[in-house]
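Structure record follows, encoded as structure tokens.
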Amino acid sequence: MGAPRINPSRMKPLMRWLLKPRVWRALALVSSLPRALRRHASPRTPWAVALPPIPEELLTLPGERVDATRADEAFRNQPLRSFDQLQPEGVIWELARQWRTFLRFAPMLARADRNAERAFRRNSSRSSGDPWSTACSTQSSRLGYASTPPLSASARSESPRGIHST
């Protein structure tokens, strides 16, 4: 039989209300279901993954060679946009159809969002970090290597939050 079918259009007002910043912050205070009641469909054994061999030209240097000026220029010319920010109704449409899953994990997502925002504020308020890390980052950037491409100045000032960026 399964759960009763609910028309997704009836869930849209609830999802809009839950995603309001004030409600979302309050949702972080709601406790999650006890671990025994949560059901996750995770595999019991690791997957057997057959990876292809790595090409020789990729085994020359560690990291990724990055040209910071070209990366900043590309960001200025065509910044990457978030689909969720461009099409907010798409998020509501999806959540209205997956409301059972969303409601089960919404408190955990809200807490993770709150913790990410706190960490972002804490890291952005620091004037200087560990001198060794700063020196290594500076040297690797000067050489053009980084594990991830450097952020442009405008991207550095943005908050990492997806849904409630203000």
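Throughout the sequence shown, residue numbering follows the working numbering, covering 36 to 201 in sequence. Ideal Cβ placement from N, Cα and C applies to all residues, glycine included.
From residue i to residue j, what distance separates their C-alpha atoms?
i, j, result
"residue 98", "residue 180", "6 Å"
"residue 43", "residue 53", "15 Å"
"residue 154", "residue 148", "10 Å"
"residue 46", "residue 129", "10 Å"
"residue 116", "residue 56", "21 Å"
"residue 50", "residue 131", "7 Å"
"residue 93", "residue 71", "45 Å"
"residue 120", "residue 106", "22 Å"
"residue 114", "residue 157", "26 Å"
"residue 96", "residue 123", "41 Å"
"residue 136", "residue 166", "44 Å"
"residue 41", "residue 48", "13 Å"
Relative to the C-alpha of residue i, which candidate in the options has its C-alpha closest?
i, options, result
"residue 140", "109, 59, 111, 153", "59"
"residue 146", "47, 42, 94, 61", "61"
"residue 118", "111, 126, 112", "126"
"residue 63", "80, 166, 150", "150"
"residue 143", "57, 68, 109", "68"
"residue 65", "133, 94, 84, 138", "138"
"residue 174", "101, 92, 51", "101"
"residue 177", "96, 95, 104", "104"
In three-state DSSP terms, what is residue i?
i, result
"residue 100", "strand"
Taking all protein chains shown into account, decide if residue i is buried (16 or more other Cβ within 10 angstroms of its Cβ) or exposed.
i, result
"residue 170", "exposed"
"residue 134", "buried"
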